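Colleague: Residue 40 in the numbering used here sits at position 16 of the sequence shown, and the numbers go up by one each step. No residue lacks a Cβ here, since even glycine has one placed at the ideal position from N, Cα and C. These figures come from a predicted structure and were not determined experimentally. What follows is a structure written as structure tokens; I'll ask about it next.
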Amino acid sequence: MTDDRWLDREQSRAWLAFVRLQLRLTYEINRQLQADNDLSLADYDVLTALGNAPDARMPITALAALLGWERSRLSHQAKRMGNRGLVDSGASPGDRRVTEVFLTSRGRDALAAAAPGHVDLVKRLFFGGLPEHLLAPLTEALEQVYENVLDHGTLPDPRTLGE
């Protein structure tokens, strides 16, 4: 009989490997963005999400859900980034009750300048240590875990915010 209150040996090994990787990658990516572009990882996450959005703008609630942040955290981050001219916010043209965050030209330039160094670091640190035959199974496993988090987590599900 097993004790379901604890992780088994293989679960513990996988969980600790993920935690170590996530913490170290976050540190390395944040350090590189700060040193090379005077951006934090949080800045880059917002810039990237907006850069991939239609018209480079998103409702603040949808952007927060996409990033996995609470709305208040995104509001504070957007204000700091707005003070630096990277983003701006205002009422949505389609619904004046909705606040949108959008990329400024300065934000587009910052994203374009930061992307090559970020991609290089990700290729070296993440993909450089991953044998090619493990890429597809790793991707599938991560996507499955993410779906489970969306299904059972507490933040709004970004898949349903456009409905």
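Report the start-end ranges of each alpha helix (DSSP H) in the region 91 to 160 that is 4 residues or longer and not cut off at the edges.
Modeller: Within the region 91 to 160, the complete alpha helix (DSSP H) runs of at least 4 residues are 95 to 107, 129 to 149.
Colleague: Under 8 angstroms, with one C-beta from each stretch per pair, do the region 161 to 175 and the region 70 to 86 reach the 3-pair mark?
Modeller: Because the criterion of three Cβ pairs below 8 angstroms is not met, the region 161 to 175 and the region 70 to 86 do not touch.
Colleague: Report the rounded CA-to-CA distance for L127 versus G152, giving the unit in angstroms.
Modeller: The residue given as residue 127 occupies position 103 in the sequence shown. The residue given as residue 152 occupies position 128 in the sequence shown. When rounded, the distance between both Cα atoms is 32 angstroms.
Colleague: What did DSSP end up calling P83 once you bin it into helix, strand or coil?
Modeller: As a position in the sequence shown, residue 83 is number 59, starting the count at 1. Correct three-state label for P83: strand.
Colleague: Tell me which same chain residues have a C-beta within less than 7 angstroms of the C-beta of T50, skipping the five on either side of it?
Modeller: The residue given as residue 50 occupies position 26 in the sequence shown. Contacts found: L65.
Colleague: For S36, which three-state DSSP category applies?
Modeller: In the sequence shown, the residue the question calls residue 36 occupies position 12. S36 falls in the helix class under three-state DSSP.
Colleague: Please report how far the alpha carbon of M82 lies from the alpha carbon of A115, in whole angstroms.
Modeller: Locating residue 82 in the sequence shown gives position 58, counting from the first residue. Locating residue 115 in the sequence shown gives position 91, counting from the first residue. The alpha-carbon atoms of M82 and A115 are separated by roughly 11 angstroms.
Colleague: Hey, L87 and V125: beta-carbon distance below 9 angstroms or not?
Modeller: Within the sequence shown, residue 87 is the residue found at index 63, counting from 1. Within the sequence shown, residue 125 is the residue found at index 101, counting from 1. In contact: L87 and V125 (Cβ atoms closer than 9 angstroms).
Colleague: If you check the beta carbons only, do A134 and L63 fall under 9 angstroms apart?
Modeller: Within the sequence shown, residue 134 is the residue found at index 110, counting from 1. Within the sequence shown, residue 63 is the residue found at index 39, counting from 1. Yes, the Cβ-Cβ distance between A134 and L63 is below 9 angstroms.
Colleague: Where does P78 sit, in a helix, a strand or coil, going by DSSP?
Modeller: Walking along the sequence shown from the start, residue 78 turns up at place 54. Helix, per DSSP.
Colleague: Ordered along the chain, which non-local residues of its own chain (more than five positions away) have a Cβ less than 8 angstroms from that of L91?
Modeller: Sequence index remark: in the sequence shown, residue 91 carries index 67 (1-based). The residues are D69, V70, A73, L98.
Colleague: In chain order, what residues of the same chain lie with their CB nearer than 7 angstroms to the CB of W39, ignoring the 5 residues before and after it?
Modeller: Translated into positions along the sequence shown, residue 39 becomes position 15. Contacts found: L31.
Colleague: On the CB-based measure, 16 or more other CB atoms within 10 Å of its CB, does L57 come out buried or exposed?
Modeller: Translated into the one-based positions of the sequence shown, residue 57 becomes position 33. L57 is buried by the Cβ-count criterion.
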